[in-house]
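Chemist:
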Amino acid sequence: MKRVAVLGATGSIGSSTLDVIARHPDQFCATVLTANHRVEALVALCVTHRPQLAIIADPALEPELARRLAAAGVHCDIASGHAAIATAAAGALCDVVVAAIVGAAGLDSTLAAARAGKRLLLANKEAIVMAGPLLLKAVRIGGGALLPVDSEHNAIFQCLPPGQTALGRPQASPAQAGVRRLILTASGGPFRGWTREQLATVTPDQACKHPNWVMGRKISVDSATLMNKGLEVIEAHHLFAMPIDAIDVVVHPQSLVHSFVEYIDGSVLAQLGHPDMRTAIACALAWPQRVESGVASLDLATCAPLAFEAPDRATFRCLDLAAAALRAGGDSPAILNAANEIAVAAFLAGALPFLAIADVVESVLAELPGQVVVDVPTLCERDATAREVARRILRHAC
Ligand code: NDP
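Numbering (my numbering), first residue to last: 4 to 401.
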């Protein structure tokens, strides 16, 4: 029986994870559930999944969580605050940690799980974008394993030879494994094919209406700007130790091919499936075994024809901004991520036009050249500085 801590349980990845867990009560149980501020949603999950510990990130909401759980007849332990989430991620109640908090807020708990040697199922891509080498070092020292949940990285993980993946163990170089290139697929988001003129007035609701995936609002906007793909290029670079020039992006509007690995003999391996995160989650939860995930069979004879095209990098500038931050090195990816989180929040609040997200990110990167990453506290200070610069730019822009 694997005991699973689901960090960000009330989110899209959290609920897909709990769906898979509930299908296999003989193999998995959810022992820790966390949320940010949606107490009611957390209580509903506790009623269904009966964890040993429920944590709400906002300490002011702990009394309400306690009251509602008691009213619902759930008698689990209760805690609050980010430190409590990190402590639980490293604690004795779980063997597996699903890192599904959105944004830099998930960094502490992701690192804590890695240091404690847990099996870390990584959805929280912002954590590895910010702190890639530190996180992988923590996995190595902790002696656990990192399994990618992001569908593209999970696809690559499945297409690489066993032992070549970022499981926190010594790896052969990609060249030794005969890998020439990783090719990440991108749906293109809701605005694929749109011009800058059309994009000038798009609303948050339009941006969050993804054609294929049902996701949280922040990643939906990232998907619409192609920043999501940029973050994923950085994630792939760290996870699979591939140079950026060996990581390509191709737009695939049907979202059925989740990524490719090209080998030096010309073989190109792909992983296919419906756009449903339960496949990647089930793969990572059960690895190296397989379990049923609830995802339907893919009927290749009736599914939409598979199309591929180059991304429109001129219109969707965030993809190249992310690549430039990775090339710049040091903490530039963390600066990019922080600026993007602030800009996306402003766009979602109706305070920033869609196209200006890239402008804000570019300005913050220009103002804060990358510095060598020393340790986590310094990285967090730089993250805070980048957020402050982004907010100042926003104040002047609005
Ligand atoms: P959601 O917005 O749906 O859920 C986010 C979860 O994190 C919620 O449980 C939320 O709690 C919690 N949370 C938000 N802010 C904080 C905070 N400051 N402190 C503690 N908890 C917090 O996001 P998704 O599930 O879509 O995405 C989660 C992560 O997975 C992201 O990093 C995303 O990039 C990645 N990912 C998502 C995919 C998807 O299909 N959704 C695919 C691949 C990767 P509350 O409900 O209380 O707000």
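Every residue, glycine too, gets a C-beta built ideally from N, C-alpha and C.
1. Looking at the ligand NDP, does it come within less than 6 angstroms of Val252, judged from the CB to the closest heavy atom?
2. Just list the residues that DSSP pairs Lys5 with in beta bridges.
3. Out of Leu21, Gly276, Gln209, Val142, state which residue places its alpha-carbon closest to the alpha-carbon of Leu303.
4. Determine the contact status of Lys221 and Leu322, defining contact as a CB-CB distance below 7 angstroms.
5. Do you know offhand how far Val376's Cα is from Thr305's?
6. For Gln161, count the other beta carbons within 10 Å of its own beta carbon; 16 or more makes it buried, fewer makes it exposed. Which is it?
7. Using 10 angstroms around the beta-carbon of Val271, count the other beta-carbons present and answer buried if the total reaches 16, otherwise exposed.
8. For Val217, which three-state DSSP category applies?
9. Asp111 by DSSP, collapsed to three states: which one?
10. For Ala93, report the span of its alpha helix (DSSP H) as first-last.
11. Measuring straight from C-alpha to C-alpha, what distance separates Pro291 and Asn340?
12. CB of Ala126 to nearest heavy atom of the ligand NDP: below 6 angstroms?
13. Just to confirm, is the Cβ distance from Ala342 to Val367 under 7 angstroms?
14. Can the beta-carbon of Ala69 be found less than 7 angstroms from the beta-carbon of Ile88?
15. Using the Cβ count rule (16 or more neighbours within 10 Å means buried), how would you classify Ser296?
16. Do you know offhand how far Leu355's Cα is from Ala349's?
17. Do you know how far the Cα of Thr90 is from the Cα of Glu43?
18. Give me whichever residues DSSP pairs with Asn48 in a beta bridge.
19. Please confirm whether any heavy atom of the ligand NDP lies closer than 6 angstroms to the CB of Val182.
20. Nearest CA to the CA of Leu301: which residue from Pro278, Pro314, Arg316, Ile284?
21. Whose C-beta lies closer than 7 angstroms to the C-beta of Gly14 among residues of the same chain, with five residues either side of it excluded?
22. Which residues in the same chain have their Cβ closer than 7 angstroms to the Cβ of Pro173, if we skip the five residues on either side of it in sequence?
23. How many Å lie between Ile247 and Ala95 at the Cα?
24. Starting from the Cα of Arg320, find the closest Cα among Ala359, Gly353, Ala352 and give me that residue.
25. Counting only runs that start and end within the segment 120–191, where is the alpha helix (DSSP H) found for 4 or more residues in a row?
26. Work out the CA separation of Ala289 and Lys5 for me, nearest whole Å.
27. With a floor of 3 residues, list each beta strand (DSSP E) that falls wholly inside the segment 282–366, ordered by position along the chain.
28. Classify Gly147 as buried or exposed, calling it buried when 16 or more other Cβ atoms lie within 10 Å of its own Cβ.
29. Going by DSSP, which residues form a beta bridge with Thr37?
30. In three-state terms, what does DSSP make of Val100?
31. Tell me which residues share the same chain as Asp98 and place their Cβ nearer than 6 angstroms to its Cβ, disregarding the 5 neighbours each side in the sequence.
32. Which value, in whole angstroms, describes the spacing of the CA atoms of Asn127 and Ala307?
33. Measuring only from the beta carbon, is Ile104 closer than 6 angstroms to any heavy atom that is part of the ligand NDP?
34. Measuring alpha carbon to alpha carbon, tell me which of Ile396, Thr318, Ile284, Ala387 ends up nearest Leu123.
35. With hydrogens ignored, establish whether the beta-carbon of Met218 is closer than 6 angstroms to any heavy atom of the ligand NDP.
36. Would you identify the three-state DSSP class for Asp80, choosing helix, strand or coil?
Modeler: Let's see:
1. No, the beta carbon of Val252 sits no closer than 6 angstroms to any heavy atom of the ligand NDP.
2. Within the DSSP secondary-structure output, Lys5 pairs in a beta bridge with Phe31.
3. Cα-wise, what sits closest to Leu303 is Gly276.
4. Contact flag unset, no.
5. In this model, Val376 and Thr305 are separated by some 49 angstroms (Cα to Cα).
6. By the neighbour-count rule (16 or more Cβ atoms within 10 Å), Gln161 is buried.
7. Flag for Val271 reads exposed.
8. DSSP, reduced to helix, strand and coil, places Val217 outside both helices and strands of the structure shown, so it counts as coil.
9. Here Asp111 sits in helix by DSSP.
10. 85–93 is the span of the alpha helix (DSSP H), which, as asked, contains Ala93.
11. About 32 angstroms.
12. Checking the Cβ of Ala126 against the ligand NDP gives yes.
13. For the 7 angstroms CB-CB criterion, Ala342 and Val367 form a contact.
14. No, these two residues do not count as a Cβ contact at 7 angstroms.
15. Label assigned to Ser296: buried.
16. Each residue's alpha carbon lies about 5 angstroms from the other.
17. Distance between the alpha carbons of Glu43 and Thr90 is about 23 angstroms.
18. For the record, residue 48 in the displayed sequence is Leu; it is not Asn. Partner residues in a beta bridge of Leu48, as assigned by DSSP, do not exist.
19. Closer than 6 angstroms to some heavy atom of the ligand NDP: that does not describe the Cβ of Val182.
20. For Leu301, the closest of Pro278, Pro314, Arg316, Ile284 by C-alpha to C-alpha distance is Pro278.
21. Cβ within range, chain order: Ala103, Val105, Gly219.
22. At Pro173, the pLDDT of 46 sits below 50, so the modelled position is not reliable; the number obtained from the coordinates is stated separately. So no residue of the chain qualifies.
23. Roughly 38 angstroms between the two C-alpha positions.
24. When only C-alpha atoms are compared, the closest one is Ala359.
25. Within the segment 120–191, the alpha helix (DSSP H) runs of at least 4 residues that lie entirely inside it are, in chain order, 128–145, 154–162.
26. Those two C-alpha atoms are separated by around 9 angstroms.
27. As far as the segment 282–366 is concerned, it has no whole beta strand (DSSP E) run of at least 3 residues.
28. Sixteen is the threshold: when 16 or more other Cβ atoms of the shown chains lie within 10 Å of the Cβ of Gly147, as they do, the residue is buried.
29. BP columns for Thr37 point to Ile58.
30. Strand, per DSSP.
31. Take Asp98, set aside five residues on each side of it, and the residues of its chain with a beta-carbon closer than 6 angstroms to its own are Lys5, Arg6, in chain order.
32. The straight-line gap from Cα to Cα measures roughly 30 angstroms.
33. At least one heavy atom of the ligand NDP is nearer than 6 angstroms to the Cβ of Ile104, so yes.
34. Leu123 has its Cα closest to that of Ile284, out of Ile396, Thr318, Ile284, Ala387.
35. Yes; taking the cut-off as 6 angstroms, the Cβ of Met218 has a heavy atom of the ligand NDP nearer than that.
36. Here DSSP, grouped into helix, strand and coil, assigns Asp80 to strand.
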